[in-house]
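The structure appears below as structure tokens.
2 protein chains.
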Amino acid sequence: VCRVGGGLLEVAKLLALKAQLGDDGKTQFVLKTPKGTRDYNPKQMAIREKVFNTIIRCFKRHGAETIDTPVFELKETLTGKYGEDSKLIYDLKDQGGELLSLRYDLTVPFARYLAMNKITNIKRYHIAKVYRRDNPAMTRGRYREFYQCDFDIAGQYDAMIPDAECLKIVHEILNELDLGDFRIKVNDRRILDGMFAVCGVPDDKFRTICSTVDKLDKMSWEDVKKEMVNEKGLSEEAADQIGEYVSMQGGMDLAERLLQDHKMSQSKQACAGLSDIKLLFKYLQLFHVTDKVVFDLSLARGLDYYTGVIYEAVLTQASAVSAANEAQNCANAEESVSVGSVAGGGRYDGLVGMFDPKGRRVPCVGVSIGIERIFSIMEQKAEASPEKVRTTEVQIMVASAQKNLLEERLQLISELWNAGIKAEVMYKKNPKLLSQLQYCEEAGIPLVAILGEQELKDGVVKLRVVATREEVDISRADLISEIKRRTEA
Amino acid sequence: VCRVGGGLLEVAKLLALKAQLGDDGKTQFVLKTPKGTRDYNPKQMAIREKVFNTIIRCFKRHGAETIDTPVFELKETLTGKYGEDSKLIYDLKDQGGELLSLRYDLTVPFARYLAMNKITNIKRYHIAKVYRRDNPAMTRGRYREFYQCDFDIAGQYDAMIPDAECLKIVHEILNELDLGDFRIKVNDRRILDGMFAVCGVPDDKFRTICSTVDKLDKMSWEDVKKEMVNEKGLSEEAADQIGEYVSMQGGMDLAERLLQDHKMSQSKQACAGLSDIKLLFKYLQLFHVTDKVVFDLSLARGLDYYTGVIYEAVLTQASAVSAANEAQNCANAEESVSVGSVAGGGRYDGLVGMFDPKGRRVPCVGVSIGIERIFSIMEQKAEASPEKVRTTEVQIMVASAQKNLLEERLQLISELWNAGIKAEVMYKKNPKLLSQLQYCEEAGIPLVAILGEQELKDGVVKLRVVATREEVDISRADLISEIKRRTEA
Numbered sequence: 006v007c008r009v010g011g012g013l014l015e016v017a018k019l020l021a022l023k024a025q026l027g028d029d030g031k032t033q034f035v036l037k038t039p040k041g042t043r044d045y046n047p048k049q050m051a052i053r054e055k056v057f058n059t060i061i062r063c064f065k066r067h068g069a070e071t072i073d074t075p076v077f078e079l080k081e082t083l084t085g086k087y088g089e090d091s092k093l094i095y096d097l098k099d100q101g102g103e104l105l106s107l108r109y110d111l112t113v114p115f116a117r118y119l120a121m122n123k124i125t126n127i128k129r130y131h132i133a134k135v136y137r138r139d140n141p142a143m144t145r146g147r148y149r150e151f152y153q154c155d156f157d158i159a160g161q162y163d164a165m166i167p168d169a170e171c172l173k174i175v176h177e178i179l180n181e182l183d184l185g186d187f188r189i190k191v192n193d194r195r196i197l198d199g200m201f202a203v204c205g206v207p208d209d210k211f212r213t214i215c216s217t218v219d220k221l222d223k224m225s226w227e228d229v230k231k232e233m234v235n236e237k238g239l240s241e242e243a244a245d246q247i248g249e250y251v252s253m254q255g256g257m258d259l260a261e262r263l264l265q266d267h268k269m270s271q272s273k274q275a276c277a278g279l280s281d282i283k284l285l286f287k288y289l290q291l292f293h294v295t296d297k298v299v300f301d302l303s304l305a306r307g308l309d310y311y312t313g314v315i316y317e318a319v320l321t322q323a324s325a326v327s328a329a330n331e332a333q334n335c336a337n338a339e340e341s342v343s344v345g346s347v348a349g350g351g352r353y354d355g356l357v358g359m360f361d362p363k364g365r366r367v368p369c370v371g372v373s374i375g376i377e378r379i380f381s382i383m384e385q386k387a388e389a390s391p392e393k394v395r396t397t398e399v400q401i402m403v404a405s406a407q408k409n410l411l412e413e414r415l416q417l418i419s420e421l422w423n424a425g426i427k428a429e430v431m432y433k434k435n436p437k438l439l440s441q442l443q444y445c446e447e448a449g450i451p452l453v454a455i456l457g458e459q460e461l462k463d464g465v466v467k468l469r470v471v472a473t474r475e476e477v478d479i480s481r482a483d484l485i486s487e488i489k490r491r492t493e494a
Numbered sequence: 006v007c008r009v010g011g012g013l014l015e016v017a018k019l020l021a022l023k024a025q026l027g028d029d030g031k032t033q034f035v036l037k038t039p040k041g042t043r044d045y046n047p048k049q050m051a052i053r054e055k056v057f058n059t060i061i062r063c064f065k066r067h068g069a070e071t072i073d074t075p076v077f078e079l080k081e082t083l084t085g086k087y088g089e090d091s092k093l094i095y096d097l098k099d100q101g102g103e104l105l106s107l108r109y110d111l112t113v114p115f116a117r118y119l120a121m122n123k124i125t126n127i128k129r130y131h132i133a134k135v136y137r138r139d140n141p142a143m144t145r146g147r148y149r150e151f152y153q154c155d156f157d158i159a160g161q162y163d164a165m166i167p168d169a170e171c172l173k174i175v176h177e178i179l180n181e182l183d184l185g186d187f188r189i190k191v192n193d194r195r196i197l198d199g200m201f202a203v204c205g206v207p208d209d210k211f212r213t214i215c216s217t218v219d220k221l222d223k224m225s226w227e228d229v230k231k232e233m234v235n236e237k238g239l240s241e242e243a244a245d246q247i248g249e250y251v252s253m254q255g256g257m258d259l260a261e262r263l264l265q266d267h268k269m270s271q272s273k274q275a276c277a278g279l280s281d282i283k284l285l286f287k288y289l290q291l292f293h294v295t296d297k298v299v300f301d302l303s304l305a306r307g308l309d310y311y312t313g314v315i316y317e318a319v320l321t322q323a324s325a326v327s328a329a330n331e332a333q334n335c336a337n338a339e340e341s342v343s344v345g346s347v348a349g350g351g352r353y354d355g356l357v358g359m360f361d362p363k364g365r366r367v368p369c370v371g372v373s374i375g376i377e378r379i380f381s382i383m384e385q386k387a388e389a390s391p392e393k394v395r396t397t398e399v400q401i402m403v404a405s406a407q408k409n410l411l412e413e414r415l416q417l418i419s420e421l422w423n424a425g426i427k428a429e430v431m432y433k434k435n436p437k438l439l440s441q442l443q444y445c446e447e448a449g450i451p452l453v454a455i456l457g458e459q460e461l462k463d464g465v466v467k468l469r470v471v472a473t474r475e476e477v478d479i480s481r482a483d484l485i486s487e488i489k490r491r492t493e494a
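Protein sequences, first through last, are from chains A and B. In our numbering, each residue's number is its place in the first sequence (first place is 1) plus 5. In our numbering, each residue's number is its place in the second sequence (first place is 1) plus 5.
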């Protein structure tokens, strides 16, 4: 199916190679960003700022403080926290001194921060870039350098109250960003472990079987079963039993039913998880968010450090848009089956204790918003919209209609800046009026202050409204209040 | 003098070593951030946010867009841009694939971005962390990971207009941050080069002699001269002539005088630089900022890429505070002589061309605000002030006076969140009223909404003002507008 695409890909590679060679065939400088990374141009930054503002506003609404940690950690801080994914960690070169790695997520640095500062309760958010030497799929918003927006609640509290708040936050953010319909899947590590136990999975295979279950959002059950049986050596019978459970989805009712299930109810762990799911749904009802939340036994999540409730939000609508985009790209065709998750998290009660010299536990629950995929969707929406994205907030351009008025322009703009007005001037001694007006049209600047000999004599400025071309003389004394009146509405 | 301090330092090192050993003497996990880096706690973040907002507001006032680039670049992108400082670049480990380095500043990635995207004019700011394997001096705000706040204007424009705007920006920001008195030193690479030429410095020694001149803010003239003569092999006569020039400071008048100087005027380069300094001062007069700007022939700046005007801002008052702090620390005693620079920049007309396959030049001028030192000062000020730094913006706590009202609290806080109110609730089924009120006092939360059986029956909420302990019953229907009225003033 992909043969034509593959051929085109080859040609593209050759062309890229050719571009690296000069006219004389010598190798030249390669002008690019590292694999899996990208620059953000001003338009992308304007969208990014809007998304961040929505997210930060929500985190602040829920009373979170914020912290920041270094982009790299001691290598040993990250060791043993990510299971099979550890191979994706970026290490720094040993240049003499400590061995360092780029952070892989914001959760492990957060746990290190809590243990190091002996903090036993905090509600904090952290928005920063993390690094994974993964196979990039940039059209799907999967990069090697990407932002995470994390909100976590640390502390010994009554069950499921902070957990429910994390889900409320996901609900608020996805609603406010207006990305189309979404679902939040919920499960619990204890339910998974209990399920594995009652299905006859040997203890030492829990983690690896869990990793395989985690692939259910990308692979069919048949393929998952094959991996369990053929690669991981599970009995066919055990796999089939797991298969029955992981097809179950529901709400509080499903948790109640499973608590009565003759097999599941044999596991204390599973029962503890199921009771907490019930409690969680009770709180989610009070928050009026159960319409989007589904208890889904196939949700596993890869990371090793989760100990209780886990959740993941997926878009159920916007995904169609991006799947269509990806269909054009053969290399990614198989990936387009998966509906990308835009948020995920869970409870990790043991992680801080791994850092504490005395092993003191600080229970934690948190959520991470996967912002890159959200950016991609917002960018597509912005491009489809007829509205132009402004990349500055400039209110007025200080222009002149005649020559030799640079000094007067600089004097006036200095007054405006000092009064807090966002203003620009062209960096030319004698710019043409037309080019000054054109610049305003392109940049979306709404007003122009035009200076000329006559205006200077009269102590006024000609104020021009770019959209309507209307012009009025305003006295210099009234200019600042007039600009504010017209632009700060 | 430092013997006692040195002794204490030894003891501290031993104690740190002991802390790494468990009770049984086995090595334990080291709980720290990498050398030269730090975490920011919520209080520091609140201050950081305030400083960033001031700076961003200024950059936006001047019509700048913003971009972002990856934290690492291809190693070859950074090669040959930083002269002797290149040894301070952090390299990533070769894990198969491209050779990468952490960015050393934001200027080189900006130039790479312009060349890569064939952009010939833009005004952009970029606030991000950069990395230097330097000797950290954290009490002075010198870290291995630190923020830079860069504003640059790229494009072919009339001389000194964008350059003057950069200085106006430094002036605005340092004024608004209220850090005490400051000076902005100005010089020009062409004046330095011309000066070296007329003083008899051989062409191939310009850069290295320039590096030595750059040390004049940390070393006496005698020591600088010694380095020139003994280490760099300059004739004593040439050194003395340089000594005369680099002691000169002034304004437009000095530039005029040097244009008449029988020796300096022999250098075309120097004359071009001096004429531009004159023009710069003319524009700075229109901006009313000449009170803080001084033309200082000793200003050299280390980086290789500057080609024209260069500048550096130093605090002349706050430095006294931090010098006093450092006096307690023997290790840093010699460094406290230097008055830290808080902003610097200049013109670099050749850098973009180094990245363009055809060598097309894009003239650039920019300024970088050195935020870490500013943070240190703001932190010291905040600590000295009786006012408490709030780390959240929570408007109200939803509390209960009796037991078994968790559900009612969750329902109410959900309503508040949905109405955009910043609110918190304690994550306990039955918290004591006193502990809820105490939390508000500590966190600076101004209002409490108290629920009790009676209030629920009456359809009201008891609104308590934390500061005055005043309490009023507010109907549920009016609650949101009442909270807004009382807190969004």
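All residues carry an ideal CB built from backbone N, CA and C; glycine is no exception.
Point to revise | Ala329 (chain A), DSSP secondary structure in three states | key: Here residue 329 (chain A) refers to the residue found at position 324 when the first sequence is read from its first residue. Bear in mind that the predicted position of Ala329 (chain A) carries a pLDDT of just 46, short of 50, making it unreliable; the figure below should be weighed with that in mind. Note: Ala329 (chain A) maps to helix in three-state DSSP.
Practice item. Tell me where the alpha helix (DSSP H) around Glu412 (chain B) begins and ends. Key: Counting from 1 along the second sequence, the entry for residue 412 (chain B) is found at position 407. Counting along the chain, the alpha helix (DSSP H) containing Glu412 (chain B) begins and ends at Leu411 to Asn423.
Check your understanding: The alpha helix (DSSP H) spanning Arg490 (chain B) covers which residue range?
Key -> As a working mapping, residue 490 (chain B) is identified with position 485 in the second sequence. Its alpha helix (DSSP H) spans residues Leu484 to Thr492.
Practice item. Measure the alpha-carbon distance for Arg378 (chain B) versus Arg147 (chain B) and round it to whole angstroms. Key: Taking the second sequence and counting its residues from 1, one reaches residue 378 (chain B) at position 373. Taking the second sequence and counting its residues from 1, one reaches residue 147 (chain B) at position 142. Looking at the two C-alpha atoms, the distance is approximately 7 Å.
Practice item. Can you grab the Cα-Cα spacing for the pair Asp90 (chain A) / Pro114 (chain B), in whole Å? Key: Translated into the one-based positions of the first sequence, residue 90 (chain A) becomes position 85. Translated into the one-based positions of the second sequence, residue 114 (chain B) becomes position 109. Taking the straight line from one Cα to the other gives about 30 Å.
Check your understanding: CA-CA distance, Asp478 (chain B) and Ile488 (chain B)?
Key -> Residue mapping note: residue 478 (chain B) aligns to position 473 of the second sequence, counting from 1. Residue mapping note: residue 488 (chain B) aligns to position 483 of the second sequence, counting from 1. About 12 Å.
Review point. Name the DSSP beta bridge partners of His67 (chain B), please?
Key: The residue given as residue 67 (chain B) occupies position 62 in the second sequence. His67 (chain B) pairs with nothing; no bridge assigned.
**Study point:** Beta carbon proximity, Ser341 (chain B) to chain A, threshold 9 Å
**Key:** Within the second sequence, residue 341 (chain B) is the residue found at index 336, counting from 1. Only weak support is given to the placement of Ser341 (chain B): the predicted model assigns it a pLDDT of 36, under 50, and the value that follows is read from those uncertain coordinates. It does not; no Cβ of chain A falls within 9 Å.
**Study point:** Beta-ladder partner(s) of His131 (chain B), from DSSP
**Key:** Within the second sequence, the letter at position 126 stands for residue 131 (chain B). In DSSP, His131 (chain B) forms a bridge with B:Asp155.
Review point. Do three or more CB pairs link the segment 91 to 105 of chain A to the segment 353 to 362 of chain A at distances below 8 Å?
Key: no
**Study point:** Separation of His131 (chain B) from Gln416 (chain A), as counted between CA atoms
**Key:** On the first sequence, position 411 is the one that residue 416 (chain A) refers to. On the second sequence, position 126 is the one that residue 131 (chain B) refers to. So the two alpha carbons sit approximately 27 Å from each other.
Exercise for review: Return helix, strand or coil for Glu476 (chain B), following the three-state DSSP convention.
Suggested key: In the second sequence, counting from the first residue as 1, residue 476 (chain B) sits at position 471. Strand at Glu476 (chain B).
Exercise for review: Along the beta strand (DSSP E) that carries Cys369 (chain A), what are the first and last residues, could you check?
Suggested key: The count along the first sequence starts at 1 and reaches residue 369 (chain A) at position 364. It spans Cys369 to Gly375 - the beta strand (DSSP E) in which Cys369 (chain A) sits, taken as one unbroken run.
Review point. Whose CA, out of B:Lys408, B:Glu181, B:Leu304 and B:Val234, lies closest to the CA of Arg195 (chain B)?
Key: Translated into positions along the second sequence, residue 195 (chain B) becomes position 190. Closest by alpha carbon: B:Leu304.
Review point. Going by the CB atoms, is the gap between Glu412 (chain A) and Leu468 (chain B) shorter than 9 Å?
Key: Taking the second sequence and counting its residues from 1, the one referred to as residue 468 (chain B) is at position 463. Taking the first sequence and counting its residues from 1, the one referred to as residue 412 (chain A) is at position 407. No.
Check your understanding: For chain A, is any of its Cβ atoms less than 9 Å away from the one on Gly248 (chain B)?
Key -> Residue 248 (chain B) sits at position 243 when you count from the first residue of the second sequence. No, Gly248 (chain B) lies away from the interface with chain A (no Cβ there is under 9 Å from its Cβ).
Practice item. List the residues of chain B whose Cβ lies closer than 8 Å to the Cβ of Lys433 (chain A), in chain order. Key: Against the first sequence, residue 433 (chain A) aligns to sequence position 428. By Cβ distance, chain B contributes Tyr162, Asp163 and Ile166.
Practice item. Taking Val399 (chain A) and Ile450 (chain A) to be in contact with their CB atoms under 8 Å, please state how far apart those CB atoms are, rounded to whole angstroms. Key: By 1-based counting over the first sequence, the position of residue 399 (chain A) is 394. By 1-based counting over the first sequence, the position of residue 450 (chain A) is 445. The pair is a contact, with the Cβ atoms about 5 Å apart (cut-off 8 Å).
Check your understanding: Hey, does Val477 (chain B) have any beta-carbon neighbour from chain A nearer than 9 Å?
Key -> Locating residue 477 (chain B) in the second sequence gives position 472, where the first residue counts as 1. Val477 (chain B) does not count as touching chain A.
Point to revise | Unbroken beta strand (DSSP E) run spanning Gly102 (chain A), endpoints | key: Taking the first residue of the first sequence as 1, we reach residue 102 (chain A) at position 97. Where Gly102 (chain A) is concerned, there is no enclosing beta strand (DSSP E), given that its DSSP letter is neither H nor E.
Review point. Hey, does Leu456 (chain B) have any beta-carbon neighbour from chain A nearer than 9 Å?
Key: To locate residue 456 (chain B), count along the second sequence from 1; it is residue 451. Not an interface residue.
Review point. Is the Cβ of Ile158 (chain A) closer than 9 Å to any Cβ of chain D?
Key: Note that chain D does not occur in the displayed structure, where the protein chains are A and B.
Check your understanding: Under 9 Å Cβ-Cβ, which residues of chain B neighbour Met224 (chain A)?
Key -> The sequence position of residue 224 (chain A) within the first sequence is 219, counting from 1. Within chain B, no residue comes near Met224 (chain A); the closest Cβ sits about 27 Å away, beyond 9 Å.
Review point. Which term fits Lys190 (chain B), buried or exposed, when burial requires 16 or more other beta carbons within 10 angstroms of its beta carbon?
Key: Here residue 190 (chain B) refers to the residue found at position 185 of the second sequence. Classification of Lys190 (chain B): buried, given that the 10 Å Cβ count is 16 or more.
**Study point:** Member of B:Glu429, B:Leu308, B:Ser440 and B:Met383 whose CA lies at the smallest distance from the CA of Leu93 (chain B)
**Key:** As a first step, residue 93 (chain B) is located in the second sequence; it is residue number 88 there, counting from the start. It is B:Leu308.
Point to revise | Pair within 9 Å by beta-carbon distance, Gly364 (chain B) and Gly313 (chain B) | key: Here residue 364 (chain B) refers to the residue found at position 359 of the second sequence. Here residue 313 (chain B) refers to the residue found at position 308 of the second sequence. Result no, Cβ atoms of Gly364 (chain B) and Gly313 (chain B) do not sit closer than 9 Å.
**Study point:** Distance, Glu493 (chain A) Cα to Thr71 (chain B) Cα
**Key:** Locating residue 71 (chain B) in the second sequence gives position 66, counting from the first residue. Locating residue 493 (chain A) in the first sequence gives position 488, counting from the first residue. Straight-line Cα distance between these residues: approximately 22 Å.
Check your understanding: Contact check, Tyr311 (chain A) vs Tyr250 (chain A) under 8 Å by CB: the rounded distance?
Key -> Mapped onto the first sequence, residue 311 (chain A) falls at position 306. Mapped onto the first sequence, residue 250 (chain A) falls at position 245. Not quite, the Cβ-Cβ distance comes to about 18 Å (not below 8 Å), so this is no contact.
**Study point:** Residues that Ser270 (chain B) bridges to, as DSSP identifies them
**Key:** Taking the first residue of the second sequence as position 1, residue 270 (chain B) is located at position 265. The partner list for Ser270 (chain B) (beta bridge, DSSP) is empty, contrary to what the question assumes.
**Study point:** Proximity test, Cβ basis, 9 Å: Pro451 (chain B) and chain A
**Key:** Indexing the second sequence from 1 puts residue 451 (chain B) at position 446. Not one chain A Cβ lies under 9 Å of Pro451 (chain B).
**Study point:** Contacting residues, own chain, Cβ-Cβ under 8 Å from Asp139 (chain B) (five flanking each side not counted)
**Key:** The residue given as residue 139 (chain B) occupies position 134 in the second sequence. Only Gly41, Leu93, Arg147 and Arg149 meet the Cβ criterion.
Point to revise | Distance CB(Val470 (chain B))-CB(Ala454 (chain B)) smaller than 9 Å | key: Position 465 of the second sequence, counted from the first residue, corresponds to residue 470 (chain B). Position 449 of the second sequence, counted from the first residue, corresponds to residue 454 (chain B). No, these two residues do not count as a Cβ contact at 9 Å.
Point to revise | Continuous alpha helix (DSSP H) stretch holding Thr258 (chain A): start and end | key: Here residue 258 (chain A) refers to the residue found at position 253 of the first sequence. The sequence given here has Asp at residue 258 (chain A), not Thr. Asp258 (chain A) -> alpha helix (DSSP H) spans Met257 to Gln265.
Check your understanding: Which value, in whole angstroms, describes the spacing of the CA atoms of Asp28 (chain A) and Val35 (chain A)?
Key -> Here residue 28 (chain A) is taken as the residue at index 23 of the first sequence, counted from 1. Here residue 35 (chain A) is taken as the residue at index 30 of the first sequence, counted from 1. Confidence in Asp28 (chain A) is poor, its pLDDT being 48 and thus under 50, which makes the residue's placement too unreliable to answer from.
Check your understanding: At a CB-CB cut-off below 8 Å, which residues of chain B make contact with Ser419 (chain A)?
Key -> Numbered from its first residue, the first sequence carries residue 419 (chain A) at position 414. Result: Lys173, Leu291, Phe292 and His293.
Review point. With 9 Å set as the bound, which would you pick, yes or no: does the beta-carbon of Leu120 (chain B) sit closer than that to a beta-carbon of chain A?
Key: Reading the second sequence from its first residue, position 115 is the one you call residue 120 (chain B). In the sequence as displayed, the identity of residue 120 (chain B) is Ala instead of Leu. By this cut-off, Ala120 (chain B) is an interface position.
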